[in-house]
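I have placed the structure first, in the form of structure tokens, so that the comments after it can refer back to it.
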Amino acid sequence: MLLARAGYRVLLLDRAKFPGGKGAATNLVHPPGILRLKRWGLLDEVAATGCPPIHSYGLQSGPVQLMAKLPAVEGVAEAYSPERRKLDEILLEAAVKAGAELREQVALRELLTDAQGTVIGVRAETEDRTPIVEHARLVVGADGSNSTVARLVGAEKYDSHPVLNKSHWSYWADLPHDGRVRTYRHRQQHAFTWPTHDGLTIVGLALPVKDFKASADGERDATVISAFEEVDPEFAARLRETRRVDKWMTGAVPNFLRHCHGPGWALVGDAGYTRDPITAAGITDSLRGAELLVEAVEPALAGDRDLAPALADYARRRDALVSGHFRYTRDHAAIADYNREELEFIRAMARSPHHGSGMVGMFATIVPPAEFYSPANIHALLDHIPPGSEPGWKIRMVRWLVRGAPRHLPPATRLADRLIAANLGSMGTFLLDSPVARVA
1 MLLARAGYRV LLLDRAKFPG GKGAATNLVH PPGILRLKRW GLLDEVAATG CPPIHSYGLQ
61 SGPVQLMAKL PAVEGVAEAY SPERRKLDEI LLEAAVKAGA ELREQVALRE LLTDAQGTVI
121 GVRAETEDRT PIVEHARLVV GADGSNSTVA RLVGAEKYDS HPVLNKSHWS YWADLPHDGR
181 VRTYRHRQQH AFTWPTHDGL TIVGLALPVK DFKASADGER DATVISAFEE VDPEFAARLR
241 ETRRVDKWMT GAVPNFLRHC HGPGWALVGD AGYTRDPITA AGITDSLRGA ELLVEAVEPA
301 LAGDRDLAPA LADYARRRDA LVSGHFRYTR DHAAIADYNR EELEFIRAMA RSPHHGSGMV
361 GMFATIVPPA EFYSPANIHA LLDHIPPGSE PGWKIRMVRW LVRGAPRHLP PATRLADRLI
421 AANLGSMGTF LLDSPVARVA
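The sequence shown begins at 1 in the UniProt record's numbering and counts up by one.
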């Protein structure tokens with residue numbers, strides 16, 4: 001769409017025929033994705049599909065509850081959860097309106113290359129096996145985790161990790177909504193719910209792979225409602241009183257980055273980078289990735305620079321943008337129960353609008369983890385643990401090292417950071433490595 005709007009000839013090939021089915025997606029688009037839709041003039045269409053704005057995200061673990069407003073990204077501080085099929089139709093219609101040509105039910109068979117190995121086009125075939133040969137200056141694979149383009153060019157994976165959990169979710173009718181995403185962590189279970197399109201609500205549960213069991217729909221109803229019974233009995237009662245209106249969907253993906261460019265080709269979205277869906281960031285990542293690619297290659301297509309360095313710039317910017325959230329998502333996807341110190345910190349975040357907003361902003365791919373877990377930001381969080389709250393000895397020690405130790409002992413704060421990091425799992429590495437501060 002963006003390249004077509006810039007005046008370039010664009011050919012879209014898709015194995016499917018639109019409109020397709022709902023697809024296995026939880027639909028959520030975080031504020032960075034909403035910002036792109038707004039820039040492209042498509043947000044009003046998305047909102048008109050019947051999905052309410054979402055302004056707050058929350059996390060609950062036992063007695064600790066955090067619900068915070070989303071931080072703004074260039075004035076955008078809301079998420080939406082449109083039906084994936086309708087969102088795809090809006091994007092596709094915008095691309096065709098801009099001049100892109102769409103050919104549906106076409107399967108990619110081969111990439112054309114020149115004598116130097118540069119990709120110069122595609123060989124494909126229609127559903128009735130009619131061959132298609134097209135030449136192009138750039139072939140872009142936006143064809144998912146199992147990308148055919150990636151396979152044909154031999155794009156290698158790196159920073160690859162296995163499936164960490166499996167989830168199932170479905171749609172419920174007649175549940176009241178208040179414009180919030182709610183997530184719950186309890187006994188290595190991650191329950192989630194938020195409003196989506198047409199008055200429906202997404203309700204789901206993620207479990208570590210070892211604990212996930214395939215079951216019939218009725219059994220899944222019981223499993224999910226039972227999980228909510230433990231963390232939010234009032235919501236569980238509402239689930240029992242209302243009705244599920246669709247089948248249960250199941251999702252699980254490995255975590256990896258792929259080399260996302262080469263001579264004459266590039267990968268965007270899940271084709272180049274896949275992370276666990278527990279943070280519901282797939283659509284947002286795809287929208288941001290498309291914009292990054294166009295910003296990098298448009299000057300090259302216009303003749304102002306060579307394509308190869310432009311694609312290399314795209315890859316560098318892509319990795320810089322996603323690497324922190326990739327690590328954060330893997331940590332979140334392990335669904336490990338929070339220890340006492342982590343719960344104390346989350347309780348403190350609930351008392352601090354700045355930190356609460358930052359915490360949910362990480363989930364929403366707004367706030368970089370290295371920024372949130374910077375020493376200055378975490379030290380400031382200690383001020384929101386009241387002296388009378390009787391935190392554990394580790395928190396008391398950390399607070400003394402940061403706030404009470406004599407100023408002529410500079411190693412004190414470094415020791416405090418090591419103590420904190422030891423209780424933050426893989427997120428502790430951000431605290432020890434990052435010089436970035438985000439202090440209100």
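We treat Cβ as the ideally placed atom computed from N, Cα and C, and that holds for glycine.
Residue i vs residue j beta-carbon contact at 8 angstroms
i	j	result
residue 202	residue 27	yes
residue 367	residue 356	no
residue 58	residue 185	no
residue 61	residue 197	no
residue 53	residue 361	no
residue 122	residue 108	yes
residue 170	residue 67	no
residue 365	residue 332	no
residue 95	residue 12	yes
residue 398	residue 416	yes
residue 205	residue 191	yes
Rounded separation between residue i and residue j - CA only
i	j	result
residue 363	residue 262	31 angstroms
residue 239	residue 268	38 angstroms
residue 10	residue 33	23 angstroms
residue 38	residue 385	39 angstroms
residue 282	residue 292	15 angstroms
residue 207	residue 392	29 angstroms
residue 302	residue 223	56 angstroms
residue 436	residue 258	Residue placement at residue 436 is flagged as unreliable, the pLDDT there being 41, under the threshold of 50; the coordinate-derived value follows with that caveat. Each residue's alpha carbon lies about 27 angstroms from the other.
residue 430	residue 373	6 angstroms
residue 126	residue 420	58 angstroms
residue 413	residue 369	20 angstroms
residue 56	residue 341	24 angstroms
residue 14	residue 381	49 angstroms
residue 142	residue 423	39 angstroms
residue 440	residue 354	Interpretation of residue 440 is limited by its pLDDT of 29, a score under 50 that renders its predicted location unreliable; the figure taken from the coordinates is listed afterwards. Each residue's alpha carbon lies about 6 angstroms from the other.
residue 438	residue 295	Low confidence applies to residue 438: its pLDDT is 34, below 50, so where it sits in the model is not reliable enough to give any reading.
residue 77	residue 69	8 angstroms
residue 428	residue 334	15 angstroms
residue 5	residue 98	5 angstroms
residue 404	residue 379	12 angstroms
residue 148	residue 237	45 angstroms
Cβ-based burial, residue i [other Cβ within 10 Å; buried from 16]
i	result
residue 255	buried
residue 325	buried
residue 245	exposed
residue 46	buried
residue 151	exposed
residue 187	exposed
residue 160	exposed
residue 146	exposed
residue 130	exposed
Whole-Å CB distance - residue i paired with residue j, under 8 angstroms assumed
i	j	result
residue 270	residue 144	5 angstroms
residue 458	residue 329	The requested residue 458 is not part of the displayed model; the chain covers only 1 to 440.
residue 104	residue 18	6 angstroms
Beta-ladder partner(s) of residue i, from DSSP
i	result
residue 398	In DSSP, residue 398 forms no bridge with anything.
residue 204	169, 192
residue 417	None; residue 417 has no bridge partner.
residue 345	Answer by DSSP bridge pairing: none, since residue 345 is not bridged.
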